[in-house]
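So the sequence shown is numbered by the working numbering: it starts at 3 and just counts up by one.
Don't be surprised by glycine CBs; every beta carbon is placed ideally from N, CA and C.
A short worksheet on the structure shown next.
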Amino acid sequence: AHLRPGTVTVSTGDPVRVGQVLGEVGNSGNSSEPHLHLHAERDGLGLDLEFQGVSGPLCRGRTVRT
Numbered sequence: 003a004h005l006r007p008g009t010v011t012v013s014t015g016d017p018v019r020v021g022q023v024l025g026e027v028g029n030s031g032n033s034s035e036p037h038l039h040l041h042a043e044r045d046g047l048g049l050d051l052e053f054q055g056v057s058g059p060l061c062r063g064r065t066v067r068t
């Protein structure tokens with residue numbers, strides 16, 4: 003999945019805040035619907051991701067639909 007070109011609002015190393023828009027996702031390539039793969043790390047180590055309204059961390063390929 004890709005972020006739509008020209009919509010990314012942050013750069014490597016930028017701090018982000020809760021609710022901040024990072025970019026817009028679209029539906030390109032070999033996919034049936036818009037989706038996004040996320041990976042976050044600090045000091046080279048992967049971080050477990052947590053999202054408001056979703057129980058438990060998002061890790062190891064877990065899928066969440068909203």
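Among the options, nearest to residue i - alpha-carbon criterion
{"i": "residue 24", "options": "11, 7, 15 and 35", "result": "11"}
{"i": "residue 16", "options": "39, 6, 44 and 37", "result": "44"}
{"i": "residue 4", "options": "13, 32 and 47", "result": "32"}
{"i": "residue 6", "options": "13, 14, 19 and 28", "result": "28"}
{"i": "residue 51", "options": "30, 8, 9 and 20", "result": "20"}
{"i": "residue 53", "options": "36, 35, 22 and 34", "result": "22"}
Whether residue i touches residue j by CB criterion (8 Å)
{"i": "residue 48", "j": "residue 41", "result": "yes"}
{"i": "residue 14", "j": "residue 26", "result": "no"}
Assigned secondary structure, residue i (DSSP; H/G/I helix, E/B strand, else coil)
{"i": "residue 31", "result": "coil"}
{"i": "residue 15", "result": "coil"}
Span separating the alpha-carbon of residue i from that of residue j
{"i": "residue 34", "j": "residue 56", "result": "23 Å"}
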